[in-house]
Amino acid sequence: MKKKSIAILLSILSAGMLLMSCSTVDNLKQTATKASNTKISTDTVNYSKADSKDLEVMSYDGDSRASLTLGLRFDYGIQGENQNYQSALNWYERSADQGNSNAMVHLGYLYLFGLGTDQNADRAKQLFSSAATAGNMDGSAALGRYYILHPNEENAAQLALSNIQTAADAKNPMGIYLLGYLYEKGIAVSQDKTEAISLYEELIDTDPSEVNKVRRYPYQEAYVRRAILYLQDILSEAQTSGNSSDSSADNSTDDSKKSNSDSKDSNDSSTEDKTNSTEAKKALSLLRKVASTKYAPAQYYLGLVYEKGIGTGTSYTNAITYFTKAADQDYAPAQNRLGYLYFNGLGVDVDYLQCAYYQKLAAAQGYAPAQINLGYLYENGLGVDKNLTVAREYYQLAANQNYQGASESLARVDQKLASNS
566 MKKKSIAILL SILSAGMLLM SCSTVDNLKQ TATKASNTKI STDTVNYSKA
616 DSKDLEVMSY DGDSRASLTL GLRFDYGIQG ENQNYQSALN WYERSADQGN
666 SNAMVHLGYL YLFGLGTDQN ADRAKQLFSS AATAGNMDGS AALGRYYILH
716 PNEENAAQLA LSNIQTAADA KNPMGIYLLG YLYEKGIAVS QDKTEAISLY
766 EELIDTDPSE VNKVRRYPYQ EAYVRRAILY LQDILSEAQT SGNSSDSSAD
816 NSTDDSKKSN SDSKDSNDSS TEDKTNSTEA KKALSLLRKV ASTKYAPAQY
866 YLGLVYEKGI GTGTSYTNAI TYFTKAADQD YAPAQNRLGY LYFNGLGVDV
916 DYLQCAYYQK LAAAQGYAPA QINLGYLYEN GLGVDKNLTV AREYYQLAAN
966 QNYQGASESL ARVDQKLASN S
């Protein structure tokens, strides 16, 4: 009887275990099936804080915003990713192909400036146009900026104005900045620096360090342009003309081309008043604030005001510090200016080798002042081996950009070549 009871008990236990085993297997199968069919829900995702690996999964599942976010991380070197324009371009392409107009804008800028790919202005224009047509105000502003950079296209000035005005009317920061730039330079509108200042000041009410890095550019530029307008009666027109991001002509290393502003005349009370004016101090304050965001043009102009003692005492040490910070970001005007300081021994010992080094870096970027300076170094054998043929090549590059003094330099070196033949 005892054995029979044990046998029944064992039978019951075995059946229970079998049922439990079957139930467990079914549960595991259901869990596996559910896991294989589950996508990361976009309803609760904080894209800015999501892990990049999760964003990749979402992107491959067709989430264009995830692709855009990855593109931004690689474009700007944020959220733990190193800056990599090629990777940014790939993610932007995926997002843009899915119709994301924000990705179109960022992708367009990579093509416009040749970052991570060959420069392709037509592709940039097409992307900006598609974004603008979709009602994206960043796209309208970008299309306007495209026309500013391509003034020879038919109706470029008017197309720049119409697209930028559309963005500015929608209170788009890039549109506001660019509209200010059009008024400052008199592009498609009557030049009106008062109106330009009013537009810039809409943006400089905001501390650029408090703006997301992705959207910081128009604020940074507004700060720099406003500072330049404060300094317009102090800095020479050659140093303040053009977009602060790509054009700031410096004095040639040629002694015959040095600007008188490079050595302050202690007897010139007018200059002394200007360099210590309220406007000069305001410019210095603006440049300091935006330079703290590591913006190269601001660092460059801050270097200039320290070099010339504008709104502060002259300090070549500070000037070199800020020029170097900008030069390390491959900002050509700063590289050229460092070469100028080494050529003239301002704050450093005269060093033609260092001068040539920085002029080469800037000249390689197509910066005309550096090209003519480098031509002068080759013409005279300063920091480089004397070579009139190479000197002529650099002068020609500067002349091709209609840089002042380049034609005269070409004529001079041609005479030397002719006399040596």
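Under our numbering, think of the first position of the sequence shown as 566, with each following residue one higher. Beta carbons: idealized from backbone N, C-alpha and C, even for Gly.
Check: Outcome for residue 654 when other beta-carbon atoms lying within 10 angstroms are tallied against a minimum of 16; Outcome: buried
Check: Coil, strand or helix - residue 966 by DSSP; Outcome: coil
Check: Beta-carbon contacts of residue 704 that lie in its chain and below 7 Å, excluding the five residues immediately before and after; Outcome: 666, 669, 670, 693, 696 and 697
Check: Assigned exposure category for residue 976 - 16 Cβ within 10 Å defines buried; Outcome: exposed
Check: Contact check, residue 903 vs residue 892, beta carbons under 8 Å; Outcome: yes
Check: Contact set for residue 634: own chain, Cβ-Cβ below 6 Å, skip 5 residues either direction; Outcome: 612 and 620
Check: Alpha-carbon spacing of residue 936 relative to residue 963, whole angstroms; Outcome: 6 Å
Check: Alpha-carbon to alpha-carbon, residue 842 and residue 660; Outcome: 50 Å
Check: Classification of residue 651 by the beta-carbon crowding that lies within 10 angstroms, buried from 16 upward; Outcome: exposed
Check: With 16 other Cβ atoms within 10 Å as the buried cut-off, status of residue 766; Outcome: exposed
Check: 6 Å CB neighbourhood of residue 894 in its chain, flanking five on each side removed; Outcome: 861
Check: With 16 other Cβ atoms within 10 Å as the buried cut-off, status of residue 918; Outcome: exposed
Check: Under the three-state DSSP convention, the category residue 941 falls into; Outcome: helix
Check: Candidates 912, 629 and 762, of which the one nearest residue 656 by Cα; Outcome: 629
Check: Residue of 934, 776 and 720 minimising C-alpha distance to residue 968; Outcome: 934
Check: Simplified DSSP state of residue 700, which is helix, strand or coil; Outcome: coil
Check: Beta-carbon gap between residue 764 and residue 745 smaller than 8 Å; Outcome: yes
Check: Residue 845 and residue 839 closer than 8 Å at C-beta; Outcome: yes
Check: Residue 932 versus residue 699: straight-line alpha-carbon distance, rounded; Outcome: 36 Å
Check: Proximity winner among 623, 790 and 908, relative to residue 863 (alpha-carbon distances); Outcome: 790
Check: Candidates 873, 625, 943 and 942: closest to residue 911 by CA position; Outcome: 873
Check: Where residue 980 sits in the DSSP three-state scheme; Outcome: helix
Check: Same chain, Cβ closer than 8 Å to residue 945, five either side skipped, listed in chain order; Outcome: 951
Check: Residue 736 versus 691, 867 and 783, residue with shortest Cα-Cα distance; Outcome: 783
Check: Cβ distance (whole Å) where residue 881 is taken to contact residue 901 below 8 Å; Outcome: Contact doesn't hold; Cβ gap of about 16 Å is too wide.
Check: Separation of residue 663 from residue 673, as counted between CA atoms; Outcome: 15 Å
Check: Residue 927, buried or exposed, once every other Cβ within 10 Å from all chains shown has been counted against 16; Outcome: buried
Check: Residue interval of the alpha helix (DSSP H) (run including residue 738); Outcome: 738-750
Check: Cβ neighbours of residue 755 in the same chain (closer than 6 Å, five flanking residues each side left out); Outcome: none
Check: Residue environment, residue 759, which counts as buried when at least 16 other CB atoms sit within 10 Å; Outcome: exposed
Check: Residue 895 Cβ short of 7 Å to the ligand NAD heavy atom set; Outcome: The model on display carries no ligand, and the ligand NAD is accordingly not part of it.
Check: N- and C-terminal bounds of the alpha helix (DSSP H) containing residue 884; Outcome: 881-892
Check: Straight-line gap, residue 618 to residue 640 (C-alpha atoms, nearest Å); Outcome: 17 Å
Check: Best match in 688, 681 and 770 for proximity to residue 707 [C-alpha to C-alpha]; Outcome: 688
Check: Between the CA atoms of residue 885 and residue 909 - distance to the nearest angstrom; Outcome: 13 Å
Check: Proximity to residue 645 [Cα-Cα], best of 615, 623, 624 and 676; Outcome: 615
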